[in-house]
DNA sequence: TGGGAACCGTACCGTACGTTACGGTTCGGA
DNA sequence: TCCGAACCGTAACGTACGGTACGGTTCCCA
């Protein structure tokens with residue numbers, strides 16, 4: 008930090024092709040080796056000189072934080088359209104959100120980036136923590152809330168506080184996944200597991216916030232494949 | 008790690024009074040200054056010599072991990088008795104679990120300890136990650152599951168997989184609290200906020216896993232103070 | 001009162017690593 | 001063809017910090 012960088016990441020303008028390749032190398036190194044990177048390691052891996060690294064990113068902190076900022080800038084995804092929203096489309100969108108989010112937080116790059124940000128948050132001066140939060144937790148919140156409110160407007164959901172509803176959804180989706188991965192627990196989420204988890208989370212969310220009519224319909228159906236819904240004791 | 012420590016933390020025997028005081032100092036330093044501690048810092052703060060620190064804990068890694076192990080060893084709490092379990096007692100126990108867990112993860116020491124463990128998990132050799140997980144996430148799981156199963160045995164809860172049910176509870180309680188704190192978000196949870204969150208989480212969990220009779224009773228009541236339950240549109 | 005163990009505070013050593021400097025190469029434009 | 005900018009690889013510098021050594025003080029016990 009400190010001294011302003013010369014070229015990149017200062018105003019947040021576009022990075023050159025080469026610079027992006029370097030950041031990719033840094034990221035790959037973070038993923039496979041952890042946070043204790045030496046600048047020489049990075050230079051060797053990226054096949055560029057240390058002088059260039061310092062010229063581009065200022066100092067070691069800049070070199071390590073650049074990939075975080077860069078990845079964060081790529082998170083932006085398309086908003087979901089809230090037209091023609093019926094119960095099925097709502098459920099589908101919720102599942103899609105959940106699956107997407109699970110895929111993100113369980114990816115190696117996300118884990119590595121969050122570790123770097125947490126390490127930096129520990130060392131007094133924050134920045135990365137705010138950036139990661141803004142582009143993770145809060146970004147998905149701002150993207151999901153319109154869907155929730157559209158669902159409410161369509162009479163499919165019922166809640167007072169959108170923030171509370173979103174945080175519940177967040178908890179139902181993420182559960183213990185992120186903290187376990189951050190702490191080094193092996194936890195390989197396959198494509199199908201993510202899909203199943205997303206389905207369960209969406210179902211539980213709808214059970215909590217769906218309107219009574221649709222919920223009672225689901226009660227009568229008593230589906231077997233979604234956790235958390237009551238079914239009559241089989242005994 | 009590496010070379011076995013001489014006195015403390017080797018077999019996990021009791022630490023002397025003085026040693027505990029030193030670990031308290033390390034912990035306090037972690038909380039207020041973050042993870043980038045020098046051994047000299049610690050020695051100055053703990054008012055002891057570096058020589059003693061190395062003698063007791065082996066090397067820098069031992070010095071930093073000792074307080075984590077020590078705190079972890081203190082987490083053990085009494086099991087909840089599952090006798091005389093009715094709906095009210097179950098709800099009370101769930102709320103108690105939730106409030107306790109929220110208080111733990113939002114405490115400064117927990118945040119600092121988790122940051123240290125995450126930083127160490129990033130640097131190849133794990134250990135702390137496993138310890139923190141074993142004494143946090145998994146310990147509470149093992150303590151809560153008997154309660155859940157007792158509730159099921161009493162006909163108050165319905166679920167197939169205890170693990171799935173627990174993870175749902177975990178998600179409903181923690182939501183985004185831990186990751187936000189780890190990333191440096193200011194998020195002061197007051198006593199009353201924790202109590203309210205615990206109540207909401209327990210209510211949502213019971214709405215998902217409670218049996219139909221009690222759930223329908225709560226539907227008719229349409230309580231105002233618990234998030235996530237449907238109430239008829241006031242319009 | 002003497003002796004030894006434990007420990008504090010400080011000084012010291014060696015090294016790893018952040019940062020800078022420099023010679024050599026590539027490449028695009030006049 | 002020449003020039004300069006950008007960059008690579010390597011070497012050099014300075015320092016911070018992990019780890020050790022040592023003299024001085026306290027305290028326990030014979």
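Chains as they are written, first to last, in this note's numbering: chain A, 8 to 242; chain B, 8 to 242.
Backbone N, C-alpha and C define an ideal beta-carbon position, used for all residues, glycine too.
At a cut-off of 8 Å between beta carbons, residue 177 of chain B contacts chain A. Sixteen is the threshold: since fewer than 16 other Cβ atoms of the shown chains lie within 10 Å of the Cβ of residue 39 of chain B, the residue is exposed.
Pairing residue 167 of chain B with residue 136 of chain A gives a Cβ-Cβ distance that is not under 8 Å. The alpha-carbon of residue 30 of chain A is positioned some 13 Å away from that of residue 48 of chain A. Between residue 79 of chain A and residue 33 of chain A the beta-carbon gap is near 14 Å, outside 8 Å, which marks them as no contact. For residue 107 of chain A, not one C-beta of chain B is nearer than 8 Å to its own C-beta.
For residue 187 of chain A, the nearest beta carbon of chain B is closer than 8 Å to its own beta carbon.
Residue 166 of chain A: not part of any alpha helix (DSSP H); DSSP gives it neither H nor E. Of all residues in the region 116 to 131 of chain A, only 122, 124, 125, 126, 128, 129, 130 and 131 come within less than 7 Å of chain B when Cβ atoms are compared, listed by chain position.
Unbroken alpha helix (DSSP H) runs of no fewer than 4 residues, entirely contained in the region 135 to 166 of chain B, are found at 135 to 142 and 144 to 160, following chain order. Beta-bridge pairing by DSSP links residue 217 of chain A to A:164. For residue 151 of chain A and residue 104 of chain A, the gap between their C-alpha atoms comes out near 8 Å. Chain-order list of chain A residues neighbouring residue 78 of chain B: empty, with the shortest C-beta distance near 15 Å, by a criterion of under 7 Å.
Taking a beta-carbon distance threshold of 8 Å, residue 136 of chain A counts as an interface residue toward chain B. As the crow flies, the alpha-carbon of residue 214 of chain B is around 38 Å from that of residue 77 of chain B. Taking the C-beta atoms as reference points, residue 157 of chain B is found no nearer than 8 Å to residue 60 of chain B.
Exclusion of the five residues before and after residue 181 of chain B leaves 108, 109 and 112 as the residues of its chain whose Cβ lies within less than 8 Å of its Cβ.
Taking all protein chains in view, the Cβ of residue 188 of chain A is crowded by 16 or more other Cβ atoms within 10 Å, so the residue is classified as buried. Across the set B:185, B:148 and B:184, the C-alpha of B:148 shows the shortest separation from the C-alpha of residue 171 of chain B. Annotation: residue 36 of chain B to residue 56 of chain A spans about 37 Å, alpha carbon to alpha carbon. For residue 25 of chain B, the enclosing alpha helix (DSSP H) starts and ends at 24 to 40.
Within the region 90 to 105 of chain B, no residue has its Cβ closer than 9 Å to any Cβ of chain A.
The beta-carbon of residue 181 of chain B is placed less than 8 Å from the nearest beta-carbon of chain A. Taking the CA atoms as reference points, residue 163 of chain B sits about 21 Å from residue 212 of chain A. Counting only runs of at least 4 residues, the region 49 to 116 of chain A fully encloses the following alpha helix (DSSP H) elements, listed from N- to C-terminal order: 57 to 64, 67 to 80 and 94 to 112. For residue 31 of chain B, not one C-beta of chain A is nearer than 8 Å to its own C-beta. A direct Cα-to-Cα measurement between residue 130 of chain A and residue 43 of chain A gives close to 14 Å. Burial check for residue 200 of chain B: the Cβ neighbour count within 10 Å stays below 16, so the residue is exposed. Less than 8 Å separates the beta-carbon of residue 125 of chain B from that of residue 122 of chain A. Within chain A, no C-beta atom comes less than 9 Å from the C-beta of residue 161 of chain B; the nearest is roughly 12 Å away. Close to chain B, meaning a Cβ-Cβ distance shorter than 9 Å, are the following residues of the region 29 to 54 of chain A: 37, 40, 41, 42 and 43. If you check each beta-carbon in the region 201 to 215 of chain B against every beta-carbon of chain A, the ones closer than 7 Å belong to 211, 214 and 215. Of all alpha-carbon atoms in A:128, A:205, A:72 and A:175, the one lying nearest the alpha-carbon of residue 41 of chain B is that of A:128.
The alpha-carbon of residue 102 of chain A is positioned some 55 Å away from that of residue 54 of chain B. Residue 190 of chain A reaches chain B at 124, 125, 128, 136, 139 and 140, counting residues in chain order whose Cβ is nearer than 7 Å.
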